[in-house]
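Student: Protein chains in written order, with our numbering: chain F, 1 to 381; chain R, 1 to 304. Take this structure first; my questions come after.
Take a look at the structure:
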C-alpha cells in the first residue's frame, strides 16, 4: 500500500515536468523485498548519471519514471503495460532479474520502446531470438561464471568443488564454470535457495580437500557461506565466485570476505577517468560503495545520452546511434556485438579493505580479452 | 573425526537453533490454539534489534539482553493491539491477520534499517574455534548455541512441568474452556505465553545473527522449518518440539549429504545431480508426512 502510494507520488512528481521535447525513460527495477539492494543500485546509478547530465539525456529534458517490479513477472507486466498504454516511452531500463526480463520483453518492444538491460543477460535473447529493440549493457549471463573456470584452468587447479543454489540460474552458473574449466570437478553441490546453514557443505569441502572452490551463491546465501567459511578456518583453499562477494553483500559479510575472488567485468578501483569520477560522485551522494549493478546502470544512462545527442527520439535513427556506443564507459572501453550484447574484457577481482575501512572488490588480473558470448553467432538481425 | 560424525554434530546444532524458534511457536499454537505466522518476523526483528542494541550498548551480551527484552515487549504490544481480538475468530482470520503482519513488518524493517543485509559480529569471548577434523575448524560459538538450546529446553521443561504457571499452561493446552470455568484469568495466561514466545523468537534471532545474514524476509525460511518441527513434535509439546527439532536438524544436514551420495551411487551423472538435490530439499517434508501417517497428532501430542 505504502509502496503504491510512494510509486504514485514519484509518477506525479515527474509528470508535471513532462514537456513536448523530452526523452521519456522508465526504470523498472526490484525495489522491495530481500533483493531490493540490487534494484536500488540500478536506480541510484542511473539517477546519478542523469543528475550529472543536468537532468538531461542527449540535451533533451529527461522524464524518468521509476517502477518497482517486486521481482514478480506478472506484477512487472501489469505495471509496465499500464504505463506504456498511458504514455509512450522511448526507453525502458531494467530489470535486475532474468525472469522479469523474459516477461516484460514483448510488452516493451511491441510498444515501440527500446528495452535496455543494465543487468539481466538472458541467453534466450542473445542467440536466435535476438532483437533489434533490445540492448544489454551488462554481459551474457554465462560469461562471469566462465571467468572463474578460465582462471582455475590457467592456475592449473586439478580438483574443484563447486556449489550453487538448486534452480535454473544455479545450474547455468555451474555449467558456465565448467565450460572453461579443464580439471576434475570433485563435487557439484546444489543447495536449496532457502538454506541458512552451510555447515554441511563446509564439512564436505574439508573432507574432499579440493584445490579450489567455486560458488555462485547470491544474496543471503552468499553472506552465510562467506561468514561460515571463515569461521570454519578453510583459509588455505581459494574461493572463486560470482555475485557472492560484491558491493551489495560486502557490508554484511565484513572482514570475513577479504581475500575471496570474484569473476567480473568491472570493479570500483578500475583505473580510468570516467570510473574514478563515477565512484567518487556515487559515494558522495549515496554513501555506499557502488557495485556492478550501479556501474552498468550509469553506463546505460551515458549510452542513451550519446545516442539521443545524435538521433533525438526518432526510434529508427536511434538504433545505429545506440549500436555505436560512443560514450566514456566506466569499464574503459565499451562496444556492442552483433546481438546487442557487449564485447568486453573480464577480470578476476578480489575483496580488499580500503584505506577508509570500507570493503570493495579490486581488479587483480585480466582473464578474458574482448570476450564474445557463445550465442552471438546464432543471431541474425 | 569422520565426516559423518561432523555432520551429526552439525545437524544437532542446527536442531538446537530450530528448537529455540519452535519452542515459542508450539506454546502459542498449542496453548492458545492460535496460528501465529508472524513468529518468523519476530525472529527477524530480534536479529535486527540485536544488531542495533549491540552497537548502541557497545557489546554483544548487553545487546542480546536488551534485544530479547525489546522483542518480548514488542510481542506483548502486538498481542494487545492485534492478536487478542483474533482469539475467538476462525483459523483463517488468524492466518490472514498474521500474514499481514509479516508483510508489514518486513517492509517496516526495510524502511528503518534499509534493504542491505546487516552484520552482527560474534562476541569476542566465543569467537575462537577448534580443530574438528583435518582442515575444518569448528566455532566455539556454535557449541555455545547448542548449550543454550539445551538450557532453554531444560528451563522450559521445568516451567511447564514443575511450576503453577506451567500447570495452567498444560491445562490450557488440553482444555482451555475448563481452565476458564475454574476461575483462571485465561487472558493473562495467554499474554504470559505470548510474551515468552515472542521473547524466545527474538532471542533465537539474536543468537543466529552472527552466523547468518540479517536481512528482511530472513524469518520466513525459519518459520516453515519451525512449523515442520512443531507438527512433527505434536502441537503444544515442548518435549515434542525438542525431539523433532533435533530430528529435522539431523535429517536436513546428514540426510542431505547422504541422499546426494546415494543418488550418485545408484544413478549416473546428470540424472543423479538433478534427482539428488530435488530429493534432498523434500526430505524433511517426506519425514513429516511419514510421521503424520504413523501418528496423526505428532510424536508427543499435548492434547489428547
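Note that beta-carbon positions come from the ideal geometry of N, C-alpha and C, so glycine has one too. Because the structure is a prediction, the values reported are computed rather than measured.
(1) One question on the structure: do residue 197/R and residue 18/R come within less than 8 Å of each other, judged by their Cβ atoms?
(2) Write down the C-beta distance between residue 45/R and residue 205/R rounded to the nearest angstrom, noting that I regard them as a contact closer than 8 Å.
(3) Taking a contact to mean a Cβ-Cβ separation below 8 Å, would you say residue 289/F touches residue 262/F in this structure?
(4) Beta-carbon within less than 8 Å of residue 75/F's beta-carbon, same chain only, minus the 5 sequence neighbours each way: which residues are those?
(5) Between residue 360/F and chain R, is any beta-carbon pair separated by less than 8 Å?
(6) In terms of residue numbering, what span does the beta strand (DSSP E) encompassing residue 198/F cover?
(7) Can the beta-carbon of residue 88/F be found closer than 8 Å to that of residue 24/F?
(8) Out of 83/R, 53/R and 79/R, point me to the one whose CA is closest to residue 69/R's CA.
(9) Would you mind sorting residue 43/R into buried or exposed? The rule is 16 or more other CB atoms within 10 Å of its CB.
(10) Enumerate in chain order the residues of its own chain whose CB-to-CB distance from residue 149/R is below 6 Å, with the five nearest sequence positions on each side excluded.
(11) Residues of chain R with CB under 9 Å from residue 188/F, in chain order?
(12) In chain order, which continuous runs of the beta strand (DSSP E) of length 3 or greater are located wholly inside the stretch 248-330 of chain F?
(13) Between which residues of its own chain and residue 321/F is the CB-CB distance below 6 Å, once the five residues before and five after are set aside?
(14) Taking the continuous alpha helix (DSSP H) assigned at residue 51/F, which residues delimit it?
(15) Looking at the structure shown, is residue 89/R part of a helix, part of a strand, or coil, going by DSSP?
(16) Going along the chain, which residues of its own chain have a beta-carbon closer than 6 Å to the beta-carbon of residue 128/F, five neighbours each way excluded?
(17) At least one CB of chain F closer than 8 Å to the CB of residue 119/R: is that the case?
(18) What are the residues that DSSP puts in a beta bridge with residue 131/R?
(19) How far does the alpha helix (DSSP H) with residue 148/F in it reach, from first residue to last?
(20) Cβ closer than 9 Å: which chain F residues qualify as neighbours of residue 215/R?
(21) For residue 382/F, list the residues DSSP reports as bridge partners.
(22) Using a Cβ cut-off of 7 Å, pull out every chain R residue sitting near residue 192/F, in sequence order please.
(23) Going by beta carbon distance, what residues of the same chain come within less than 7 Å of residue 297/R, once the five residues before and after it are set aside?
(24) Who pairs with residue 96/R in a beta bridge, going by DSSP?
(25) Under 7 Å between beta-carbons, which chain R residues line up against residue 395/F? List them in chain order, please.
(26) Output the distance between the C-alpha atoms of residue 143/F and residue 176/F, rounded to the nearest integer angstrom.
(27) Considering Cα atoms alone, identify which of 153/F, 166/F, 363/F and 187/F is closest to residue 180/F.
(28) Going by DSSP, which residues form a beta bridge with residue 103/F?
(29) So does the stretch 72-83 of chain R actually touch the stretch 230-246 of chain R, counting three or more Cβ pairs closer than 8 Å?
(30) Where does residue 106/R land, buried or exposed, given buried means 16+ other C-beta within 10 angstroms?
(31) Who are the neighbours of residue 124/R on chain F, taking C-beta pairs under 8 Å?
(32) For residue 46/F and residue 27/F, which I take to be in contact (beta-carbon distance under 8 Å), what is that distance rounded to the nearest angstrom?
(33) Kindly list the residues whose CB is nearer than 6 Å to the CB of residue 253/F, restricted to its own chain and excluding five residues on each side of it in sequence; keep chain order.
(34) For a test of the three-state rule: what should DSSP assign to residue 174/R, helix, strand or coil?
(35) Check this for me: beta carbons of residue 327/F and residue 348/F, under 8 Å apart or not?
(36) For residue 232/F, return the contacting residues in chain R, with the cut-off set at a CB-CB distance below 8 Å.
Tutor: With the structure as the only source:
(1) No, the Cβ-Cβ distance between residue 197/R and residue 18/R is not below 8 Å.
(2) The Cβ separation is near 7 Å, so the contact holds.
(3) A distance of 8 Å or more separates the beta carbons of residue 289/F and residue 262/F.
(4) Cβ neighbours of residue 75/F beyond the five flanking positions: 69.
(5) Not one chain R Cβ lies under 8 Å of residue 360/F.
(6) No beta strand (DSSP E) contains residue 198/F, which DSSP labels as neither H nor E.
(7) In contact: residue 88/F and residue 24/F (Cβ atoms closer than 8 Å).
(8) Out of 83/R, 53/R and 79/R, the CA that lies nearest to the CA of residue 69/R is found in 53/R.
(9) Using a 10 angstroms sphere on the CB of residue 43/R, the tally of other CB atoms reaches 16 or more, which defines it as buried.
(10) Setting aside the 5 residues that flank it on each side, residue 149/R is surrounded in the same chain by 16, 19 and 20, each with a C-beta closer than 6 Å to its C-beta; the list follows chain order.
(11) Those are 273, listed as they occur along chain R.
(12) Those beta strand (DSSP E) runs which fall completely within the stretch 248-330 of chain F and span 3+ residues are 261-264.
(13) Hits under 6 Å: 307, 310 and 311.
(14) For residue 51/F, the uninterrupted alpha helix (DSSP H) run begins and ends at 36-52, by DSSP.
(15) Three-state DSSP puts residue 89/R in coil, outside helix and strand.
(16) Hits under 6 Å: 378.
(17) By this cut-off, residue 119/R is an interface position.
(18) The partner list for residue 131/R (beta bridge, DSSP) reads 137/R.
(19) Note, residue 148/F: alpha helix (DSSP H), 142-155.
(20) Going along chain F in sequence order, the residues near residue 215/R (Cβ under 9 Å) are 34, 37, 219, 220, 223 and 252.
(21) For chain F, the structure presents residues 1 to 381; residue 382/F sits outside this window and is missing.
(22) The answer, in chain order, is 281.
(23) Counting only Cβ-Cβ distances below 7 Å, and skipping sequence neighbours, we find 234.
(24) Residue 96/R has no beta-bridge partner at all, per DSSP.
(25) Past the boundaries of the shown model lies residue 395/F; chain F is included only from 1 to 381, so the question cannot be answered.
(26) Here the alpha carbons of residue 176/F and residue 143/F stand approximately 7 Å from one another.
(27) With distances taken between Cα atoms, residue 180/F lies closest to 153/F.
(28) Note: residue 103/F sits in no beta bridge, so no partner.
(29) Verdict: no, contact absent.
(30) Looking at its Cβ environment, which holds 16 or more other Cβ atoms inside 10 Å, residue 106/R is buried.
(31) Within 8 Å Cβ-Cβ: nothing; residue 124/R doesn't reach chain F, min ~14 Å.
(32) Indeed they touch by this definition, with Cβ atoms about 6 Å apart.
(33) Contacts found: 223 and 226.
(34) In the structure shown, residue 174/R adopts helical secondary structure according to DSSP, grouped into three states.
(35) Cβ distance not < 8 Å, so residue 327/F and residue 348/F don't count as in contact.
(36) What residue 232/F touches in chain R: 129, 136, 137, 138 and 139.
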